[in-house]
Each structure stands twice: as C-alpha cells, then as structure tokens.
Amino acid sequence: MAAHTPTTTPRKSAIFDDYTLSEIRRAATTGIYDIRGGGSKRRLPHFDDLLFLGASISRYPLEGYRERCDTSVVLGTRFASKPIKLDIPITIAGMSFGSLSAQAKEALGRGATLAGTSTTTGDGGMTPEERGQSKTLIYQYLPSRYGMNPDDLRKADAIEVVVGQGAKPGGGGMLLGQKISDRVAEMRDLPKGIDQRSACRHPDWTGPDDLEIKINELREITNWEKPIYLKIGGTRPYYDTALAVKSGADVIVLDGMQGGTAATQEVFIEHVGLPTLACIRPAVKALQELGMHRKVQLIISGGIRNGADVAKALALGADAVSIGTAAMVALGDNDPIYEEEYQKLGTTAGAYDDWHEGRDPAGISTQDPELAKRLDPVLAGRRLANYLKVMTLEAQTIARACGKSHLHNLEPEDLVALTIEAAAMAQVPLAGTDWIPGRSGSTEI
Amino acid sequence: MGRGRLTMPELDVREIGVRGVNKALMALDDSTNDRNWVVRSPQGQHSIACGLTAPIDVVIKGHVGFYCAGMNQQANVTIEGHAGVGVGENMMSGRVHVTGNASESAGATAHGGLLVIEGDASSRCGISMKGVDIVVGGSVGHMSAFMAQSGHLVVCGDAGDALGDSIYEAVLFVRGKVESLGADCIEKEMRPEHLAKLAELLQAAGIEAAPSEFRRYGSARKLYNFDIDNVGAY
Ligand SMILES: Cc1cc2nc3c(=O)[nH]c(=O)nc-3n(C[C@H](O)[C@H](O)[C@H](O)COP(=O)(O)O)c2cc1C
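Protein chains in written order, with the working numbering: chain X, 41 to 485; chain L, 2 to 235.
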C-alpha cells in the first residue's frame, strides 16, 4: 500500500535569497545596473559591536547633571589663521544641491547653526540659501568642479578637497537627468535633462606631490585663513592619512563604506571600501606616528546614528564625526507619514533609496518644486538641531559615566568588543577577555 | 601705468616670495590706479598671480610652475615663458597669455575669459572646461577637452589621442591632424557662424591662421542619457 510521502518544507537558498533573485530579474529586464542612494545596507562590523565599560572601583564617574563634560572642538589648527570652532563634535557632511532640494540644504544650514556646528556644500556648488543660513559653512572642492567659483571659495569658512567618499571610493558622482532642473543645470553649466557624471579624478592634480601644490594654491587664494580639509573614502586609511598629512591638510575627513551617497551603483556601495570601524585605528596610528594626532584633526563618517556612535568614534581617536543619512532622516526622509506614497513607488518607509529619481515624497532628495515645497526649512532645521543636541547629550552621558570631563578624553581603554571582528578592527579586547586579535601578547583588562 | 608713479610697479618673487607677490596683487580692487604690474624672477614657482580679482595687467618675466593665474577674475596676466600644470585653471574671466608652452591641464574647468598659449599645450588641455575660450598656437596632447562642458578650444597645430572624450557642449576647432577622437566626439560641419566665431577667437588671441583650414568637432550627444546598448563606448 502506498505510504504517505512526507514533503519537505520548500527551502529558499541562503545565497540566492529573495533580494538576489529579484535583482537578477530586474537586471535581465532593464539591462542596467541598480543605482540607488544611501550607504551599505548589509550587516557589517560596526559601532554596535563595541561597548563602553563605564566607571568602576578603579575609575570614578562624573555627576550626570552637574559636572561639566565639554563637547567643543577646534578644527584646522595646523596652518589656517582662522580655525573652525564648533560647540559639538558632530558636523553635517557634504551633500550636493542637486541631490538635495534648496529647502533641504537650507534646513541643514539652519539646524547646524542652531546646534553650534558646521554644514558642508557638495557637488554642484554653494547656494545662497545654505550660505545665508549656515554660520559655519565648509566648501567642497570636488573633481567635477561643478559650480566652483573663487567668490564662493572666499565666502566659505573652510575648504574640503574631496578625493573620495566611503560609499564609492574610486568612483565619481552621478546625477541623473530627472533631477537636472533649470537651476541645477545652470549652476553646473550643463544642458538640462542629461545624466551628469561627476569625474572621479581631479582634473589638474594627480598624487600627493601635486596635491600639496594644489592645497597651497587654495591657501594663497584664501589668504591662508581657511582650514583645508581633505576628504577620503575608507580604503587604505593608514597610508592615505599619512599622505594627507604630507600634503598639508589641516583636517582629514575619513568616510567608511556605510557612508551614504546620493546615487551610486549598488554593486559599488556594497562591495568597495572598508567598514567605518576598520578605518579609524589605522588613521589614528598614522597620525600618532607622525606626531600629528590632535594637530591634524580627524573627522569620521559613515553610519553615525546616535550619541553612542559619536562617543565610540571619539574614543577610538577621532576629533569629530560627520553625518549625512541621519541628518536627512532627522529632516524627515523615509518618514512613515508618507507610507502610502512610498508604496506607490514600490517601496516602503525606511527602505526608500531611489533618491536619484527625484520623486522623494518627503521633498528632500528632489528638485521637483511641488515635492520640495513639502519641506519647511525652518521646522526641518529645528528637528535637525534637536537631534544633534540629543546625540550630544547621549555622548556626554557615556563620557561622564566613564569619568571624562571632555568627550575627547574618551579612549580605546574605555571600550571592549562583542565580536572578534570588531575587536580586531577597533583594536580593543573582546569583552571579558584580554585578547585583541592581531596583537601578540595580551593587554591588561 | 599708475597715474601716481612714473614707473610700473614691480614685484620680485626672489625678494618677497610668492606670498608677497600675491598679497600685493590681491589687495588691488577695481578702483586701483596701478593697473600695470611686472613680476620678476618667477623661478618656476607655483601659484603665482592666482586668485586675482582686479582688472589689472600683470606681466610675469619668466617661467612659472603650477596653477599660475588660477581662478583668475578680470586680470590680464601674461607669462613671458613656459607655464606648468593647470595654468589659468578655473579662470572665470579676464585673459591669461602664455608666450611659451604650457604643461598639462591648461585651462582646466575654467568658466570664462580667454586663455592663449602661443606654443604647445600638453595633455588634458581644457579638461572639464566650463565656458572658457582657449586658443593654442601649437599642438595639444592626449585627452584634451575631456568632459568639456562649454566654451571653445582652438588648436592651430595637431591634437593627441582621445580628443573631446565624453564632451558635452564645448566646441573644438583643430587645424592639424587629430590622432583620435574620444567617446561621443565627432567631426561636425563648419558653418559660417563657426568660421566667424573662430576668426574672432584667433583675432582676440593675436594668432594668425586662416579659419578655413580648421575642422570643427563636438558632441554626438549619444551618451547624454545612459543606454545599455552604448556600453561599449565607455
Ligand atoms: C544625499 C547625499 C548626497 C551626498 N553628496 C555628497 C557630495 O556632494 N560630496 C561628498 O563628498 N559626499 C557626499 N555625500 C556623502 C556624505 O558627505 C557623507 O560622506 C556620508 O553621508 C556620511 O555617511 P552617513 O550617510 O552614513 O552619515 C552625500 C551623501 C548623501 C546621503
């Protein structure tokens, strides 16, 4: 007699998962690689894999609401006659006008100013809205030089020479035709509606020797007043940091692979570059070996979300951090109040990343005047300021618990790691052990 | 010449350094009476006369290094000698004139004004140019006018490999041989308005050449919006 044959549960492949299958179908149908905004979405070793130890018998804490825990930072003390002084060590990263609406740029300026920090221009140049609303504005000097104007250079408070970004080290920018409004086209001196490629290499220098000469030219033109930042994507942080110091940078901005972008190939975002966590210690080591730690300041970015991330980056040796994606979210990006519209775009709040298409329901990553109107720059600026203040309070809470009177007094010894990977990358012991992978011998707990 | 003086003001790089020279020149504004300046002993130093903003004439007596007259606004800078990398880079207006040869990336990303190179220019001449007019008396090297956005590049000699690669709306005129054209760059018909513009540019540059001997190149505009079937062109 026929016995009942049990069927096995349908089993999906771990490697050919739903996302992978959908991507193969999408590629086969459209014939173009996937382009999106944001940073790496996969699980990577990150700040969540670190913990602070807090005070104990051997270390005593500071009183939470009474004893002072300073958060100020001065950037650009090496050569510039007018360094940047910020109340908090969290800055707003460079995001282009073009990728973001004029209202969003204005909101970033307002929020940063209220919170006592700086904001940064981006590919495409400086808009009067953001200059007007930003007390401290960093001007990006990018390979494309779109909208690059010496008058704006002089109006800026510091200059950031962009070599690369964590989301796409070695890649240039991309602004697709849909987002090229009349204003964007005019600022970039390109026809409306065409896909704009931003170059991946600077047009008039190659290598650290030329870069040094370029930096001197920028200093000459701005009377040696303004700090020169150098922004690099996380790839070879030890050598790049050393070369940045050699080239004469005042400040190094180091962006890991979780760092957001306005638009890049998915394959680039997910498969090129180093996680932020893996970038910090090699960069700090290079600075220390050159006697330049705290003299050439280090700003870390790529996946900073809260005060704990800030405190961890600082404890590992950064002087400040920078945020892009989180600032957009604070303004209102991916807010569930627009869920219905996200659904219409075939996505859901929290997953929307087609920023290059310019149809952002929240009115942030768009040049559509109707959508852009949805963002009130004053209100959005206030939200960003609130968020920056919360992050600062969180970082202070941790620092006080570790007994530090300044966020910069946090140190690697305050940290342990939850995973072997994080322990190796951050060069702190695996929790409960004295083991730092990659180091011979042991450290004291 | 300055009304208050009998001689042209002179600045000597050997005596006051590049910083001293630039500081003196940058301090001038539109109302200055000292309109004619001479810079002596440049010694191939970098960033000489960069970032000028006043409508003055500056003659540099000798060879200069990188980024001479970079980001120029309004000034008329003449280099009596050869120029290093990025001469007149990102210039906005005014005129930069090199009597000798220029190294790589001459006029890179420049937005306006006129850059004249009497001799040859090296590779990447006019790279990413954004509205400047460049007239080269001799030849230009490879990758010239790469991603050139707007403005005119006139080459009285030959052009190297990959001329006008990924060019946008810039207009190129070449009298001699073009080694090869870059992606999306094609030869285009020379119409009367182009001949007139070319004649005007040559005259402004003070270079004698018959416009009828030049050919015109520009964008085929096929790569303006991504199309998978063009992928081989990149
Ligand atoms: C919408 C958007 C636009 C950006 N545009 C630029 C840019 O123009 N230039 C640049 O150097 N980086 C740009 N970035 C990268 C940021 O400056 C920064 O490196 C990154 O956002 C930091 O990581 P986070 O997003 O995880 O905070 C952009 C990022 C975003 C999200």
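Built from N, CA and C at the ideal position, the CB exists for glycine as well.
S140/L is positioned such that its CB atom lies closer than 8 Å to that of A160/L.
Of the residues assessed, I377/X falls on the exposed side of the cut-off, its CB having fewer than 16 other CB atoms within 10 angstroms. Residue-level contact check: A239/X touches chain L, since one or more beta carbons of chain L fall below 8 Å from its beta carbon. Remark: the shortest separation between the CB of M368/X and any heavy atom of ligand 1 falls under 7 Å. By the Cβ criterion, the stretch 368 to 384 of chain X is not in contact with the stretch 176 to 195 of chain X, since fewer than three pairs of Cβ atoms, one from each stretch, lie closer than 8 Å.
When Cβ-Cβ separations below 8 Å define contact, Y169/L makes contact with chain X.
Looking at A463/X, D110/X, G472/X, the one whose alpha-carbon comes closest to that of G478/X is A463/X.
Nearest to I339/X by C-alpha distance, out of G331/X, L330/X, R321/X, E329/X, is R321/X. With a 10 Å radius around the Cβ and a threshold of 16 neighbouring Cβ atoms, P243/X comes out buried. For M227/X, the enclosing alpha helix (DSSP H) stretches over residues 222 to 228. For I272/X, the closest C-alpha among the options T47/X, A323/X, A303/X is that of A323/X. Counting C-beta pairs closer than 8 Å gives three or more between the stretch 169 to 181 of chain X and the stretch 142 to 153 of chain X, which meets the contact rule. Using a Cβ-Cβ distance cut-off of 8 Å, the stretch 323 to 334 of chain X and the stretch 195 to 204 of chain X are not in contact, since fewer than three pairs of beta carbons, one from each stretch, lie closer than that value. Here G71/X is exposed, its C-beta having fewer than 16 other C-beta atoms within 10 Å.
Annotation: V39/L to M9/L spans about 7 Å, alpha carbon to alpha carbon. Under a criterion of Cβ atoms nearer than 8 Å, the residues of chain L adjacent to N256/X are, in order, H47, S48. Flagged as an interface residue toward chain X: S129/L, by a C-beta distance shorter than 8 Å.
Between the alpha carbons of S98/X and L317/X lies a gap of roughly 28 Å. In the three-state reduction of the DSSP assignment, E200/X falls in the strand class, which pools E and B.
Taking non-hydrogen atoms of ligand 1 into account, the C-beta of V202/X is found less than 7 Å away from one of them. Its chain contains F87 as the residues whose beta carbon lies nearer than 6 Å to that of D349/X, once the 5 sequence neighbours on both sides are disregarded; these appear in chain order. By the neighbour-count criterion, in which a residue is buried when 16 or more other Cβ atoms sit within 10 angstroms of its Cβ, R106/X is exposed. The alpha-carbon separation between C157/L and L173/L amounts to approximately 11 Å. Within the same chain, D163, S238 come within 6 Å of G213/X by CB-CB distance, once the 5 residues on both sides are set aside.
Contact check for V293/X against V336/X fails: the beta carbons are separated by 8 Å or more.
One thing to note: S341/X has its Cβ no nearer than 8 Å to the Cβ of A471/X. Cβ neighbours of V113/X within its own chain (closer than 7 Å, five residues either side excluded): L126, P129, D359, A360. At least one beta carbon of chain L lies nearer than 8 Å to the beta carbon of P190/X. T301/X is positioned such that its CB atom lies closer than 8 Å to that of A207/X. Counting only runs of 4 or more residues that sit fully inside the stretch 325 to 385 of chain X, the alpha helix (DSSP H) segments are 347 to 355, 365 to 371, 379 to 384, in chain order. Contact between the stretch 165 to 172 of chain L and the stretch 212 to 227 of chain L is present, with at least three C-beta pairs closer than 8 Å. K271/X has its Cβ nearer than 7 Å to a heavy atom of ligand 1.
If you draw a straight line from the Cα of K62/L to the Cα of G18/L, it is about 15 Å long.
Residue-level contact by beta carbon holds for T110/L and chain X, with a gap shorter than 8 Å.
The beta-carbon separation of T365/X and G78/X, rounded to 6 Å, stays under the 8 Å limit for a contact. Taking the Cα of M188/X as reference, the smallest distance to any Cα among G217/X, D235/X, K352/X, E226/X is reached at E226/X.
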